[in-house]
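Contents: one structure, followed by commentary.
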Amino acid sequence: MKQKIFLICAATLILGGTTLSAFAADNHAALLGQAAAPATANRTIIIGPDTAYVNVTRGDVVKFVVGDKTFAWNFGGPSTIGEIELNAIAPPGILNHTVKAYIKRNLLDDGA
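Read the sequence shown against the numbering used here and you will find it ends at 113, with the numbers running on by one and no gaps.
The structure is reproduced here in structure tokens:
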């Protein structure tokens with residue numbers, strides 16, 4: 002009987018940990034903003050092989066062009082986030098080098 006209870010508890014912990022990891026990954030992405038349709042972008046930034054960083058403003062919806070591929074991102078995350086790596090938000094296979102996005106506060110939204 003004790004062994005059965007132990008196995009049930011162990012299985013619950015393992016499954017709960019897996020669910021928590023997925024939840025944490027979703028929340029991490031939400032802190033960075035959210036994916037957007039390229040047609041909704043109010044800015045376009047071209048990323049070349051030598052691009053190491055880009056500057057955006059919090060609240061911007063930016064379309065990124067990398068060769069013949071594009072993706073868009075809404076930088077609507079919290080104002081405490083000042084920089085992110087685009088590699089963390091770009092669809093797989095689009096960026097082949099590290100590119101940082103420096104996020105400037107939006108004075109109209111932040112009030113400071």
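Backbone N, C-alpha and C define an ideal beta-carbon position, used for all residues, glycine too.
Given the structure is predicted, the values throughout are model-derived calculations rather than measurements.
Item, Value
"Residues sharing a beta bridge with Ile46, DSSP", "Phe65"
"Cβ shell of Tyr54 (< 8 Å), same chain only, five flanking positions each side left out", "Val100, Lys101, Ala102, Tyr103"
"Sequence-distant residues of its chain with Cβ nearer than 6 Å to Asn75 (five each side left out)", "Gly34, Gln35, Ala37, Val62"
"For Thr123, the three-state DSSP class (helix, strand or coil)", "In this structure the chain extends from 2 to 113, so residue 123 is not present and cannot be described."
"CB of Arg59 within 8 Å of CB of Arg106, strictly", "yes"
"Per-residue DSSP class, three states only, for Thr58", "strand"
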